[in-house]
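If you're matching positions, the sequence shown starts at 189 in my numbering and goes up one per residue.
For reference, the structure discussed in these notes is given below.
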Amino acid sequence: MSLSQHEILAVHLETVPPEEWESEILAIASEVFPGVETIADFDAAVAHNWDWYGRPEQIWRPGAEVYTMMCAGRGFGKSTAGANACHLVGLNPELCGGRPAEGPDDRAAGAGARFAIAGRTANEVNTRMVDGETGIMAVCDPALRPVWHRQDRTLTWPTGVVAQLMSADVPDSLRGPNNGWFWADELAHWRRLREAWKQLKYTHRLASPGQHPRGLITTTPLGLETICEIAWTMREGQPVVAPPGTPQDRIFEDAAGNPYLVNPRTRIVAGSSYDNVSNLATEFLRDTIAPYEGTDDGIQEIHGRIRRGAPGSPFRLEWIRRCEADEVPALDRRVVFVDPTVSEHEKPPTADEPCECGIVAAGFEAARRRMYALEDGSLTAAPHVWAERVVDLVLRHRATEVVCEDNNGGALLKIVLAQALRARRAEVDWTVKITLCTARADKLGRAVLAAPCWQQGKVWHVGSPRGWIALESQLVQLDPNRPIKSQRTDRLDAVVWGALTFFGDGTDQVKPWPLDGAERWAKIVATVTASRGQASLPRRR
Numbered sequence: 189m190s191l192s193q194h195e196i197l198a199v200h201l202e203t204v205p206p207e208e209w210e211s212e213i214l215a216i217a218s219e220v221f222p223g224v225e226t227i228a229d230f231d232a233a234v235a236h237n238w239d240w241y242g243r244p245e246q247i248w249r250p251g252a253e254v255y256t257m258m259c260a261g262r263g264f265g266k267s268t269a270g271a272n273a274c275h276l277v278g279l280n281p282e283l284c285g286g287r288p289a290e291g292p293d294d295r296a297a298g299a300g301a302r303f304a305i306a307g308r309t310a311n312e313v314n315t316r317m318v319d320g321e322t323g324i325m326a327v328c329d330p331a332l333r334p335v336w337h338r339q340d341r342t343l344t345w346p347t348g349v350v351a352q353l354m355s356a357d358v359p360d361s362l363r364g365p366n367n368g369w370f371w372a373d374e375l376a377h378w379r380r381l382r383e384a385w386k387q388l389k390y391t392h393r394l395a396s397p398g399q400h401p402r403g404l405i406t407t408t409p410l411g412l413e414t415i416c417e418i419a420w421t422m423r424e425g426q427p428v429v430a431p432p433g434t435p436q437d438r439i440f441e442d443a444a445g446n447p448y449l450v451n452p453r454t455r456i457v458a459g460s461s462y463d464n465v466s467n468l469a470t471e472f473l474r475d476t477i478a479p480y481e482g483t484d485d486g487i488q489e490i491h492g493r494i495r496r497g498a499p500g501s502p503f504r505l506e507w508i509r510r511c512e513a514d515e516v517p518a519l520d521r522r523v524v525f526v527d528p529t530v531s532e533h534e535k536p537p538t539a540d541e542p543c544e545c546g547i548v549a550a551g552f553e554a555a556r557r558r559m560y561a562l563e564d565g566s567l568t569a570a571p572h573v574w575a576e577r578v579v580d581l582v583l584r585h586r587a588t589e590v591v592c593e594d595n596n597g598g599a600l601l602k603i604v605l606a607q608a609l610r611a612r613r614a615e616v617d618w619t620v621k622i623t624l625c626t627a628r629a630d631k632l633g634r635a636v637l638a639a640p641c642w643q644q645g646k647v648w649h650v651g652s653p654r655g656w657i658a659l660e661s662q663l664v665q666l667d668p669n670r671p672i673k674s675q676r677t678d679r680l681d682a683v684v685w686g687a688l689t690f691f692g693d694g695t696d697q698v699k700p701w702p703l704d705g706a707e708r709w710a711k712i713v714a715t716v717t718a719s720r721g722q723a724s725l726p727r728r729r
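Okay, here's the thing in structure tokens:
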């Protein structure tokens, strides 16, 4: 934990008699603020000086990165850091598409310089990010404070820089003018995260000479696919090298303790609630922080680490095996599995975002009883569009079968798939069987049945891990303690049907057997040998 200059001074004064405090303060202040001669001068110099009060990890400065993601625990001071970063950008137009100001009254420097301030809801943007106790209006020097045009939802700094206030719960509101910088607060908790993040990135395209667009994300971390894509580049066998500014002891780890390579376009600033303990009330520590301590949720809520995986999930991240495409053996069976939707606007009862059509291509090697997940082609689309995607995967992987759950759409799904295949019969010049399967258990029940296939190392994910982030996030974040309808499980369900088909009887009523008889006996031998110290066991008769 690092200290701010203000905290360093406070610690120093504890070693000095009170009657010497004034002389000590002025001696230190004269080195930092030339011209300070009295305590009143010192108070004026530090009144709105974030370099003085902010801890080094809280102070945003432009660098080579595109995104700075401040993943930290509750009470770390993320919002204060974001508000001060906005003020810094507002006073320096070159950081968001303008040119350096040639003087305090050079408003032309900010002409065309814009950035975005995006929060979870419009109310949070107004009452906390802009007008809160640690919001933009509170942290700014009154002489340099921006003008808040409430009707236009903009802030305009004396330099001419304009910030547009945006609400993530209406993703289309994030469309608009080009932005050279943004502050996105509590990104992991945006209700319509994927769509809102996509729209925000579309506007992130304004740059000054010698600069490039940048953004600051302040959030309590959750292991969501969007957060993982921003934070990690997952490659096995590569050294863990963080971009400049990311502390080496803050490298993220998975549930098994394996480090991930940080995305080179992202600078990670992670921190604990305890880093800011000097500014937190005892009641907050007792009532808010203490209940999380020692729990799985404390990893993210207190210590600011992304945790991929929900407590109690049937799947664990360390069960996932990976291989490259050239390592896949000759496959005896290639199938595309589909968890369908009947409309591109179809939504679960308790969610705001449309359902995805889960589409996963997989193959099966009979000799070793292994399933290879070849490609995740899931998307949100109308039936005729996702049927085209299914045919694309059939072509790419030479699949001879399509397995589709029929609970949502029934026989019409078979007709849609058959039409899509017929329309491209010049390309698909082999017979493709369409099989409909009926779900009797819920998605959690199917997942529990299929999870041992991953645990026993019988399912391998092929290709770049980044292509599997969304599906793997659904696997390890499947939470049995939350309503299944409030969770995204479409990709998960497609790959689960693959395990039930290859290792079971193709239904969700029979427990699949990922290991054959010889493999089960080999495990017994290994376990007994390890526990008894025996060299071998009698051969089975």
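Every residue, glycine too, gets a C-beta built ideally from N, C-alpha and C.
How many angstroms separate the CA atom of residue i from the CA atom of residue j?
| i | j | result |
| --- | --- | --- |
| SER661 | TRP618 | 35 Å |
| ALA351 | THR344 | 6 Å |
| GLY482 | GLN488 | 11 Å |
| CYS543 | PRO640 | 27 Å |
| ARG423 | GLU208 | In this predicted model, ARG423 has a pLDDT of only 46, less than 50, meaning its place in the structure is not dependable; the value taken from the coordinates is given anyway. Near 57 Å, if we compare the C-alpha coordinates of GLU208 and ARG423. |
| ALA682 | CYS259 | 32 Å |
| ILE324 | ARG380 | 25 Å |
| PRO222 | PRO205 | 25 Å |
| ALA554 | ALA395 | 55 Å |
| LEU688 | LYS602 | 20 Å |
| GLY136 | PRO517 | Residue 136 is absent from the structure shown; the chain starts at 189 and stops at 729. |
| ARG333 | ALA232 | 16 Å |
| SER211 | PHE264 | 32 Å |
| GLU383 | PRO359 | 6 Å |
| LEU637 | GLN697 | 9 Å |
| GLY500 | PRO668 | 7 Å |
| VAL234 | ILE216 | 13 Å |
| ALA614 | ALA608 | 12 Å |
| ILE196 | ILE213 | 11 Å |
| LEU468 | ASP475 | 12 Å |
Could you tell me which of the options sits nearest to residue i, measuring between CA atoms?
| i | options | result |
| --- | --- | --- |
| TRP371 | HIS337, PRO397, ALA306 | ALA306 |
| ASN237 | ILE213, ALA606, VAL220, CYS284 | VAL220 |
| ARG159 | THR268, ASN451, THR695, THR689 | It is not possible to answer for residue 159, since the shown part of the chain is limited to 189 through 729. |
| ALA627 | GLY645, ASP527, GLN607 | ASP527 |
| LYS266 | ILE227, PRO517, SER461, GLU553 | SER461 |
| ALA252 | ASN451, GLN339, ALA233, LEU197 | ASN451 |
| VAL523 | ALA513, THR529, THR203, VAL579 | VAL579 |
| THR322 | ARG287, HIS585, GLY270 | GLY270 |
| PRO346 | SER361, GLU576, GLY291 | GLY291 |
| HIS572 | GLU413, GLY546, VAL530 | VAL530 |
| ILE494 | TYR241, LYS711, LEU519, ILE418 | ILE418 |
| GLN675 | TRP685, GLY686, LEU659, PHE690 | LEU659 |
| PHE691 | LEU703, SER501, GLU202 | LEU703 |
| ALA575 | PRO397, THR588, CYS592 | CYS592 |
What whole-angstrom Cβ distance do residue i and residue j have, given they're in contact under 8 Å?
| i | j | result |
| --- | --- | --- |
| ASN366 | THR342 | With a Cβ gap of about 14 Å, ASN366 and THR342 do not count as contacting. |
| ALA301 | CYS284 | 5 Å |
| GLY651 | GLU512 | 7 Å |
| ALA561 | HIS649 | 5 Å |
| ALA304 | LEU388 | 7 Å |
| GLY694 | CYS625 | 6 Å |
| VAL590 | ILE622 | 5 Å |
| VAL548 | ARG679 | 7 Å |
| GLY705 | MET559 | That pair is no contact at about 18 Å. |
Based on the DSSP secondary-structure assignment, which residues constitute the bridge partners of residue i?
| i | result |
| --- | --- |
| ASP527 | GLY546 |
| PHE552 | ARG521, MET559 |
| ASP678 | For ASP678, which the question treats as bridged, DSSP gives no partner whatsoever. |
| ALA304 | GLN352, PHE370 |
| TRP336 | LEU343 |
| MET258 | THR406, VAL457 |
| VAL650 | CYS511 |
| ASP564 | VAL548 |
| VAL591 | PHE525, THR623 |
Shorter than 9 Å from the beta carbon of residue i to some beta carbon of chain B?
| i | result |
| --- | --- |
| GLU417 | Note that chain B does not occur in the displayed structure, where there is just one protein chain. |
Could you give the uninterrupted runs of the beta strand (DSSP E) lying entirely in the segment 355-391, keeping only those of 3 residues or more? Considered as a whole, the segment 355-391 harbours 369-373 as its complete beta strand (DSSP E) runs of no fewer than 3 residues, in chain order.
At 4 residues or longer, what runs of the alpha helix (DSSP H) sit wholly inside the segment 593-647? Look at the segment 593-647 and you find these whole runs of alpha helix (DSSP H), each 4 residues long or longer: 599-611, 631-643.
Beta strand (DSSP E) runs wholly inside the segment 486-518, at least 3 long, in chain order: 509-511
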